[in-house]
Amino acid sequence: MNYKACWGFKPMEEMQYKHCDFLPMDYIEDYYKRTGMIVITHWAYPKSEFEKIVTKIEKVIVDIKAGVYDYSYPTKRSKQETLERNQEYLHRLYTIKFKLDL
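In terms of the numbering used here, the sequence shown opens at residue 3 and continues consecutively.
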């Protein structure tokens, strides 16, 4: 998926994430320049693993929207919260890709 062209994606520096605790973007950029590893939350991944994570989260979001996991949610609210959490995480991954020009 071309994240730069798709949906007119623009990274948001000041976005407030409700569900996840992310490191500052300048730390991620500095760490990538020094080591070549990409920090998402508090773990560092090589570029190939990072790409796999992006693909996996994209698939999870599509599957949630398609109702593949409906049996595992007791309420619509829990399904919506899970969808929001994954969308926030994917937004952060896209922001990292955009900023590091991957």
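Here a beta-carbon is modelled for each residue, glycine too, at the ideal position from N, C-alpha and C.
- Give a yes or no on whether the C-beta atoms belonging to residue 85 and residue 34 are separated by under 7 Å. Contact check for residue 85 against residue 34 fails: the beta carbons are separated by 7 Å or more.
- Item | Run of the alpha helix (DSSP H) containing residue 39, from where it starts to where it stops | Unbroken run through residue 39: none, as it is neither H nor E.
- Query: Taking all protein chains shown into account, do 16 or more other C-beta atoms lie within 10 angstroms of the C-beta of residue 99, making it buried, or fewer, making it exposed?
  - Reply: The residue is buried, with at least 16 neighbouring Cβ atoms inside 10 Å.
- Can you tell me where the alpha helix (DSSP H) with residue 56 in it begins and where it stops? Here the alpha helix (DSSP H) through residue 56 covers 49-68.
- Out of curiosity, what's the CA-to-CA distance linking residue 61 and residue 25? As the crow flies, the alpha-carbon of residue 61 is around 24 Å from that of residue 25.
- Query: For residue 23, which of 64, 44, 32 and 71 has the nearest alpha-carbon?
  - Reply: Selected option, being the one with the closest Cα: 44.
- Message: Let me confirm a value: residue 73 is counted as buried when at least 16 other C-beta atoms fall within 10 Å, else exposed. Which label applies?
- Response: Looking at its Cβ environment, which holds fewer than 16 other Cβ atoms inside 10 Å, residue 73 is exposed.
- Report the option in 32, 38, 56 and 81 whose CA atom is closest to the CA atom of residue 68. With distances taken between Cα atoms, residue 68 lies closest to 81.
- Query: Given a threshold of 16 other Cβ atoms within 10 Å of its Cβ, counted over all protein chains shown, does residue 37 qualify as buried or as exposed?
  - Reply: Looking at its Cβ environment, which holds fewer than 16 other Cβ atoms inside 10 Å, residue 37 is exposed.
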